[in-house]
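Chains D and G, in that order, are what the protein sequence lines are.
Residue 0 is where the first sequence starts when you use numbering that gives the first Met the number 0, and the numbers rise one by one after that.
Residue 0 is where the second sequence starts when you use numbering that gives the first Met the number 0, and the numbers rise one by one after that.
A virtual CB, placed ideally from N, CA and C, is assigned to each residue, including glycine.
Here's the structure, in structure tokens; my notes come after.
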Amino acid sequence: MERVRKLTSALGLVAGLFGLASLSGPALAADCPIKIGGLAPLSAPGSVTGGEAMRDAMILAQRDINAAGGVLGCDIEVVIADTEGLPEKARALMEKLITQDGVVAVGGGYHSSVGVAGKDVANDRGIPVVFAETWNDTITGDKQKYIFRIAPLSSWASGVIWQFAAQAPGVKKVAIVTENTDYGIPAAAECEKGLASKGISSTTFGVDIGTQDFAGIVERVKAEDPDYVIVLLTGEAGYNYAQQAADAGIGPMDMMFHANQAGLESKSWWENVPDGNLAFMARIGVPETMYNETALKFAEDYKAKTGKTGVESYALEAYDSIGVLAQAINEAGSTNGDAIVDALENISHDGTLGRIYFPYGTKKDPSADGKGDEWWHQWPDPAITMVQYQKEGEPSNTMTIVYPDVYKTGDPIYVGN
Amino acid sequence: MQYSSIFWWTILWVVFWGVTGGIGTRKVYLRKDLDTSNATLGGSLIGAAFGPFGLAPLWWKSPEIGRVMITLSSLVVIGIIAVAFANADPENNCVSNGSFVASQITNGLIIGIIYGLMAMGLTLIFSILGIVSFAHGAFYMIGGMLVYYIINVWFPGTHPLIGVLGSCMITFGLGALFERLFLTPMYDGRVERPVEYGILVTFGLSFTLTYLVAALAGFNPVKVKRFFDFPRIRLPDSSDPWLIKTSRGNMELFDTVSISNPRFVAAILSIMVLVGLLLFLHRTWTGKGLRAVSQDRDAAAITGINPNRMNMLAFALGCMIAALSGAVLVQAFSWLPVVGLIPEMRSFVIVVLGGLGSLPGAFVGGTLVGLVEAAGTGCVPNPQKASSYIPAYGMIILTIMLLLRPMGLFGRKFASGAHGKF
Chain D
0 MERVRKLTSA LGLVAGLFGL ASLSGPALAA DCPIKIGGLA PLSAPGSVTG
50 GEAMRDAMIL AQRDINAAGG VLGCDIEVVI ADTEGLPEKA RALMEKLITQ
100 DGVVAVGGGY HSSVGVAGKD VANDRGIPVV FAETWNDTIT GDKQKYIFRI
150 APLSSWASGV IWQFAAQAPG VKKVAIVTEN TDYGIPAAAE CEKGLASKGI
200 SSTTFGVDIG TQDFAGIVER VKAEDPDYVI VLLTGEAGYN YAQQAADAGI
250 GPMDMMFHAN QAGLESKSWW ENVPDGNLAF MARIGVPETM YNETALKFAE
300 DYKAKTGKTG VESYALEAYD SIGVLAQAIN EAGSTNGDAI VDALENISHD
350 GTLGRIYFPY GTKKDPSADG KGDEWWHQWP DPAITMVQYQ KEGEPSNTMT
400 IVYPDVYKTG DPIYVGN
Chain G
0 MQYSSIFWWT ILWVVFWGVT GGIGTRKVYL RKDLDTSNAT LGGSLIGAAF
50 GPFGLAPLWW KSPEIGRVMI TLSSLVVIGI IAVAFANADP ENNCVSNGSF
100 VASQITNGLI IGIIYGLMAM GLTLIFSILG IVSFAHGAFY MIGGMLVYYI
150 INVWFPGTHP LIGVLGSCMI TFGLGALFER LFLTPMYDGR VERPVEYGIL
200 VTFGLSFTLT YLVAALAGFN PVKVKRFFDF PRIRLPDSSD PWLIKTSRGN
250 MELFDTVSIS NPRFVAAILS IMVLVGLLLF LHRTWTGKGL RAVSQDRDAA
300 AITGINPNRM NMLAFALGCM IAALSGAVLV QAFSWLPVVG LIPEMRSFVI
350 VVLGGLGSLP GAFVGGTLVG LVEAAGTGCV PNPQKASSYI PAYGMIILTI
400 MLLLRPMGLF GRKFASGAHG KF
């Protein structure tokens with residue numbers, strides 16, 4: 000009987016140890032490395048230029064975090080997932096990242112449509128996501144517990160685009176060429192509304208993502224005889240439109256022309272849009288001359304890794320999305336989703352874009368400060384500037400900042416005036 | 000659209016009498032024991048064009064429905080729809096802006112010619128081998144990629160036309176090699192279902208080529224510079240160049256029609272290749288051999304033509320033509336490994352529209368699709384939707400054609416195919 004009691008006690012002890020081990024799970028060496036998902040479009044019809052920049056930045060983030068001691072005593076591994084810019088792929092990818100790859104959080108993300116489609120899966124499964132470059136307001140506007148964003152809101156970024164167009168001399172009519180996506184449609188609507196508030200008429204032309212031949216639309220835009228063109232097309236579609244418009248005499252060198260920020264990848268821009276000089280673009284983040292130490296270090300490493308002369312804003316955002324998640328996991332002391340969310344809501348992360356924090360969430364609703372739901376889990380401080388290529392073949396890091404005045408490095412060149 | 004009811008009532012009228020004509024004429028011709036091959040198409044067009052005033056004499060006299068009757072009725076139908084549209088939406092650019100209309104037609108014709116060239120490659124393969132090559136889009140993509148690599152990466156400074164020539168030679172060789180390695184089992188009974196085998200194996204080739212190029216070249220868009228810049232021309236007078244005015248990248252004719260340089264150059268090169276291809280097929284022994292095999296393999300073999308060798312030539316030539324379409328367009332569009340998917344689908348539409356196995360059909364079908372797409376993009380009143388429906392415009396025409404004339408515009412009722420199975 001004594002033997003049985005001893006055996007039972009021993010079994011109980013072993014079971015208890017297993018129980019303890021399973022409770023403390025994530026921090027154990029057995030769970031190393033800690034996996035974080037990294038969303039990026041690496042195939043068409045997604046914006047591959049943007050996706051590759053984000054992938055490189057997230058890999059650098061992984062390297063830097065691991066070199067600094069990792070997270071919870073483990074290395075991190077960023078599991079890059081190719082979204083192809085397709086919403087239908089986003090849900091399946093998010094499921095795969097969570098259930099098969101075992102990620103504890105997700106960063107990155109370029110196309111809004113991917114963010115809109117994928118966020119529900121992550122939220123339902125309790126996996127925190129910090130979206131890097133998805134602008135659509137509804138991503139945070141749905142006030143989901145596990146969803147955060149460091150990219151600017153679409154309504155806000157579009158505001159900079161239309162405000163700049165509205166203050167340009169002699170602008171009475173604007174043509175907006177947009178993709179039919181969760182990024183393009185609301186951004187175009189915001190621009191239309193904003194321009195109308197300044198008494199400027201506008202016409203929006205919608206195209207499908209991945210469209211190649213814009214001849215018909217270019218002719219329609221030409222027939223409208225606009226003073227300013229705003230192009231909200233990501234990836235190579237933006238390049239195709241810009242060059243075909245230039246061939247038809249309504250490109251950036253013929254009239255005031257806002258191109259998508261994919262054009263900030265200057266090598267690709269000049270190869271695909273050789274007549275793309277004088278195009279305006281919106282850029283997230285401060286100019287390189289105002290970079291903080293983290294950004295300067297990242298810029299140096301990024302240029303060495305990619306051979307590029309400048310750093311795209313989405314690369315900075317992607318790097319920070321992984322950095323902020325790593326810090327949150329460390330501060331949470333666990334890979335539990337709720338604990339990470341709690342840490343994110345209290346975080347103060349010194350990233351390449353500045354100090355990242357989320358003032359609104361479960362502890363304080365945006366309405367407390369009279370703000371809309373879209374400010375939920377939204378970083379409120381990303382700087383947005385308007386930049387312009389003013390020399391053919393110019394690298395994006397020397398582009399002239401033309402708006403707003405606080406960051407201005409030169410006067411804009413307004414074509415057609 | 001200001002007065003949309005005018006347009007939609009007209010469409011309803013045209014559709015009603017078109018359907019009545021299509022169904023009724025076939026029945027009438029069958030009852031009178033007459034040739035019904037054009038009855039559905041002719042009857043529906045005459046019904047749509049003239050309503051009961053055209054159908055009554057048609058059913059009473061029941062003449063032979065020839066191409067002239069079909070063409071004239073088609074033009075009348077187009078005219079009726081155009082007039083209704085003009086009355087319904089008088090401020091539309093397609094109605095009120097002649098310059099816009101001329102530019103759209105020119106753009107449609109130019110891109111249609113290039114579509115036609117690409118589809119001719121597909122139809123050539125089909126008419127000889129009897130298979131639909133699903134690798135056609137991949138060869139289109141490779142054609143452009145090779146030009147980029149030849150003139151920008153491997154031999155910088157090489158003339159673009161050398162790049163195009165190099166691209167043609169490489170893809171011709173690649174096509175011939177693939178045909179020898181993978182398609183020969185179709186000819187000697189080594190596979191039970193040769194046609195299905197051909198489709199699957201070309202489908203596999205398409206995947207392999209696309210992702211091989213993606214692995215080697217990446218997914219970043221690339222592009223080559225314009226092959227030629229337009230010289231500066233101002234005619235008749237430099238102060239008033241109403242006839243022709245050029246800049247490096249654009250040509251303006253009659254102060255109205257605007258043609259971009261890359262498209263113009265691509266169209267001219269395509270026309271030259273089309274002429275060359277037709278001369279080859281009609282004036283050379285090998286070309287005549289190809290045509291003979293497409294008509295009757297066994298009879299061709301009896302006269303001393305080796306059908307298997309013609310298979311290789313047709314497949315290689317078809318792949319090269321697809322590549323050539325890409326090679327001339329890489330100066331117009333940004334190029335990616337998946338760039339061939341949409342043109343490939345469009346080629347299928349064109350080939351079926353023009354008639355499977357018909358070279359003139361492919362060319363006419365391509366031009367038709369180019370024009371319809373240009374009209375749709377330019378004239379659909381809602382600018383947010385006009386361009387989004389581009390893939391649908393061709394499909395609408397195809398659906399109507401399949402309903403009225405399943406063998407397509409120039410198709411034969413019993414195309415011989417690889418083994419006379421069609």
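Judged by beta-carbon spacing, G:Met271 lies beyond the 8 angstroms limit of G:Cys167, meaning their Cβ atoms are not closer than that value. Against chain D, a Cβ distance below 9 angstroms from G:Val221 picks out Ser267, Glu270, Asn271. Within the DSSP bridge table, the entry for G:Trp334 names G:Val221 as partners.
For D:Arg124, no CB of chain G lies under 8 angstroms from its own CB, so it is not counted at the interface with that chain. Here the alpha carbon of D:Phe147 sits roughly 8 angstroms from the alpha carbon of D:Trp375. D:Val173 and D:Leu59 have their C-alpha atoms roughly 40 angstroms apart. Residue burial is scored here from C-beta neighbours: G:Trp8 has fewer than 16 other C-beta atoms within 10 angstroms and is therefore classed as exposed. Between the C-alpha atoms of D:Tyr301 and G:Arg345 there is a straight-line separation of about 41 angstroms.
For D:Thr202, the chain G residues whose C-beta falls within less than 8 angstroms of its own C-beta are Pro382, listed in chain order.
With a cutoff of 8 angstroms on beta-carbon distance, D:Leu152 and D:Ala187 are scored as not near each other. Taking a Cβ-Cβ cut-off of 8 angstroms, the neighbours of G:Ser387 in chain D comprise Asn179, Gly205, Val206, Asp207, given in sequence order.
The beta carbon of D:Ser42 falls within 8 angstroms of a beta carbon belonging to chain G, placing the residue at that interface. Put simply, the CB of D:Asp224 is far from chain G, with every gap to its CB atoms at 8 angstroms or more. Shown here for D:Ala338: same chain residues with a beta carbon closer than 6 angstroms to its own, the five before and five after excluded, namely Ala331 in chain order. DSSP lists no bridge partner for D:Thr133. For G:Pro62, the closest C-alpha among the options G:Gly42, G:Thr283, G:Val94 is that of G:Gly42. One alpha carbon belongs to D:Gln387, the other to D:Trp155, and they sit about 20 angstroms apart. Within the segment 214 to 240 of chain D, the residues whose Cβ lies closer than 8 angstroms to any Cβ of chain G are, in chain order, Ala214, Gly215, Ile216, Glu218, Arg219, Lys221, Ala222, Gly234, Glu235, Tyr238, Asn239. In this structure, G:Ala265 places its C-beta atom within 8 angstroms of the C-beta atom of G:Val327. In this structure, the beta-carbon distance from D:Ile355 to D:Asp319 falls below 8 angstroms. Closest by C-alpha distance to G:Leu323, out of G:Asp295, G:Thr105, G:Phe52, G:His135, is G:His135. One Cα belongs to D:Ala317, the other to G:Tyr147, and the distance between them is close to 31 angstroms. A contact between stretches requires three or more CB pairs, one per stretch, nearer than 8 angstroms, and the segment 156 to 173 of chain D fails this requirement with the segment 206 to 215 of chain D.
A contact between stretches requires three or more CB pairs, one per stretch, nearer than 8 angstroms, and the segment 157 to 177 of chain G fails this requirement with the segment 232 to 246 of chain G. Listed in chain order, the non-local C-beta contacts of G:Gly120 below 6 angstroms within the same chain comprise Gly317, Ile320, Ala321, local neighbours out to five positions each way being set aside. Between D:Tyr359 and the set D:Gly350, D:Gly353, D:Val340, the nearest pair of CA atoms involves D:Val340.
The continuous alpha helix (DSSP H) containing G:Gly120 extends over residues 97 to 128. With respect to chain D, the C-beta atom of G:Ser72 has no partner C-beta closer than 8 angstroms. For D:Asp74 and D:Ala116, the gap between their C-alpha atoms comes out near 30 angstroms.
Contact check for D:Phe297 against D:Thr334 fails: the beta carbons are separated by 8 angstroms or more. Think of a sphere of 8 angstroms around the beta carbon of G:Pro261: the chain D residues whose beta carbon falls inside it are Asp246, in chain order. Runs of beta strand (DSSP E) with 3 or more residues, each lying fully within the segment 229 to 303 of chain D, are found at 255 to 257, 279 to 283, listed in chain order.
Two segments are said to touch when three or more pairs of C-beta atoms, one from each, lie closer than 8 angstroms; by this definition the segment 387 to 405 of chain D touches the segment 275 to 291 of chain D.
Interface with chain G (8 angstroms Cβ-Cβ cutoff): D:Glu94 is excluded. Out of G:Gly354, G:Leu367, G:Leu173, G:Val76, the CA that lies nearest to the CA of G:Val131 is found in G:Gly354. Residue contact with chain D for G:Gly353: absent (no Cβ-Cβ distance below 8 angstroms to any residue of chain D).
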